[in-house]
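Take a look at the structure set out below.
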Amino acid sequence: MTLDHPVVSSMLPVVLLIAIGFAAGRLRLIRGEAVRDLSNLVFLVLVQALLFRTMATAHLERLDLRSVALYYIVAGAMFFALLFIQGLNSRSAVVALAAIFSNTLMIGVPLVQLAYGQAGLVHLFTLISMHALVLLTLATIVIELLVAREQAANGQQGHRPIAATVARAVKNAILHPVPLPIIAGFLYSLTGLGLHPVVERPLKLLGDAFGPVALVLVGVTLAQTAIGPHLRGATGISLLKCVVHPLLMALAGWALGLSGLALSVMVVAAALPVGANVFLFSQRYHKAEELVTASLAVSTAVAVVTVSITMAFLARWNPLGG
1 MTLDHPVVSS MLPVVLLIAI GFAAGRLRLI RGEAVRDLSN LVFLVLVQAL LFRTMATAHL
61 ERLDLRSVAL YYIVAGAMFF ALLFIQGLNS RSAVVALAAI FSNTLMIGVP LVQLAYGQAG
121 LVHLFTLISM HALVLLTLAT IVIELLVARE QAANGQQGHR PIAATVARAV KNAILHPVPL
181 PIIAGFLYSL TGLGLHPVVE RPLKLLGDAF GPVALVLVGV TLAQTAIGPH LRGATGISLL
241 KCVVHPLLMA LAGWALGLSG LALSVMVVAA ALPVGANVFL FSQRYHKAEE LVTASLAVST
301 AVAVVTVSIT MAFLARWNPL GG
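Numbering-wise, the working numbering puts 206 at position 206 of the sequence shown, and it's gapless, one number per residue.
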């Protein structure tokens with residue numbers, strides 16, 4: 001493939017920006033203390049502008065919600081299959097979550113924006129608006145049940161009420177920097193008023209800055225991650241996430257007769273590396289923390305190759321049409 005090939009031209013800027021961030025982290029041009037501030041800039045300022053502007057100006061009546069619904073069905077089926085294969089315990093639930101929870105925001109948004117443009121972003125944002133709510137709530141319910149069972153087996157008392165934990169998880173997923181601007185933008189789009197240029201232009205400038213800054217931040221984070229003795233396990237999770245997940249999504253979509261841009265975006269989303277929320281989830285429950293951290297780094301490296309292959313395959317076998 002040449003540098004002008006759509007897949008190469010989409011992935012190369014992503015790889016270069018991550019590499020720049022990695023070099024900056026290794027050279028300590030961006031210190032660990034600054035990562036939190038950069039994360040706040042990305043998640044609390046830049047992404048807010050990008051998500052709201054995109055949804056506020058989108059033609060939502062054109063969305064294919066079947067592909068989004070199928071994405072969650074495939075992810076849920078894969079989650080429970082892995083859980084039963086590995087054994088019904090809380091650690092297995094965290095590992096299974098890592099195999100289905102994509103980095104749709106920091107890597108997915110700039111990649112889909114480069115590859116499929118604004119129309120592709122609308123499909124991705126529809127997925128993102130429910131991503132944490134659906135998958136993290138599912139994982140919370142499962143892991144709380146498993147923790148309760150493990151505590152009972154060990155004769156421990158005083159575990160947290162499952163209903164209260166699930167309700168808190170749902171609330172936290174909705175009152176989150178990602179779903180809120182998407183919901184707000186969607187509601188605004190229903191008014192049909194559009195965005196005045198005085199408001200739209202600064203939102204666009206902020207939104208355009210999101211992709212480069214987010215990808216540099218991914219590189220900085222990778223430079224500070226110790227993979228260590230968890231390379232084998234992290235590689236296994238990475239292959240499940242970046243190869244098996246998109247393959248199942250593509251097969252399910254084609255089996256149901258889906259095609260075009262909506263299916264391509266869902267398959268690419270499934271091919272993305274492990275999302276950072278899984279790390280937070282593992283820290284919360286103190287399960288497989290080091291393995292999940294290593295998986296974040298390894299899956300990001302693996303995805304450079306696997307996403308390129310996935311997009312090349314989609315470009316040939318799933319033409320986007322008009």
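Glycine included, each C-beta is placed from N, C-alpha and C at the ideal position.
From what residue to what residue does the alpha helix (DSSP H) around residue i run?
| i | result |
| --- | --- |
| I309 | 289-317 |
| I30 | Per DSSP, I30 belongs to no alpha helix (DSSP H) and is neither H nor E. |
| A56 | 47-56 |
| I85 | 65-86 |
| I182 | 179-189 |
| A226 | Taken as a continuous stretch (DSSP letters only), A226 belongs to no alpha helix (DSSP H), as it is neither H nor E. |
| I237 | 231-239 |
| H196 | No alpha helix (DSSP H) holds H196; DSSP gives it neither H nor E. |
| H286 | That residue, H286, is in no alpha helix (DSSP H); it is neither H nor E in DSSP. |
| G108 | Counting along the chain, G108 falls outside any alpha helix (DSSP H), and DSSP gives it neither H nor E. |
| L251 | 245-255 |
Have a look at the options and flag the residue whose alpha-carbon is nearest the alpha-carbon of residue i.
| i | options | result |
| --- | --- | --- |
| A19 | A294, A223, P246 | A223 |
| S129 | Q151, M55, A77, G211 | M55 |
| G76 | V134, A288, L240, E144 | V134 |
| G228 | A214, E33, E289, L206 | E289 |
| A83 | L138, L127, L314 | Reading the sequence as shown, one finds Leu at residue 83 and not Ala. The residue with the shortest Cα to Cα distance from L83 is L138. |
| R201 | A315, A148, A49 | A49 |
For residue i, is the classification buried or exposed, using 16 other Cβ atoms within 10 angstroms of its Cβ as the cut-off for buried?
| i | result |
| --- | --- |
| Q113 | buried |
| V328 | Shown here, the chain extends from 1 to 322; a query on residue 328 therefore has no answer. |
| G321 | Since pLDDT at G321 reaches only 46, below the 50 mark, its modelled position is unreliable, and the value read off the structure follows with that caveat. Classification of G321: exposed, given that the 10 Å Cβ count is below 16. |
| V292 | buried |
| R232 | exposed |
| E144 | buried |
| L187 | exposed |
| A69 | exposed |
In terms of DSSP beta bridges, what is residue i paired with?
| i | result |
| --- | --- |
| V274 | S102 |
Measure the Cβ-Cβ separation of residue i and residue j and say whether it is below 8 Å.
| i | j | result |
| --- | --- | --- |
| G257 | S67 | no |
| L217 | L38 | yes |
| V209 | S295 | For clarity, residue 209 is Ala in the given sequence; the question names Val instead. Result no, Cβ atoms of A209 and S295 do not sit closer than 8 Å. |
| F125 | L51 | yes |
| L146 | L88 | yes |
| N318 | S282 | no |
| H230 | A270 | no |
| R28 | K204 | no |
| L261 | H123 | yes |
| L41 | V213 | yes |
| V109 | V304 | no |
| E150 | S92 | no |
| T300 | P273 | yes |
| L190 | L46 | no |
| Q86 | V95 | yes |
| L97 | V278 | yes |
For the ligand GTP, any of its heavy atoms closer than 7 Å to the Cβ of residue i?
| i | result |
| --- | --- |
| L193 | Ligands are entirely absent from the displayed structure, and the ligand GTP is therefore not among its contents. |
I want to see whether chain B comes within less than 8 Å of residue i, judged by CB atoms only; does it?
| i | result |
| --- | --- |
| F313 | Included in the structure is just one protein chain, with no chain B present. |
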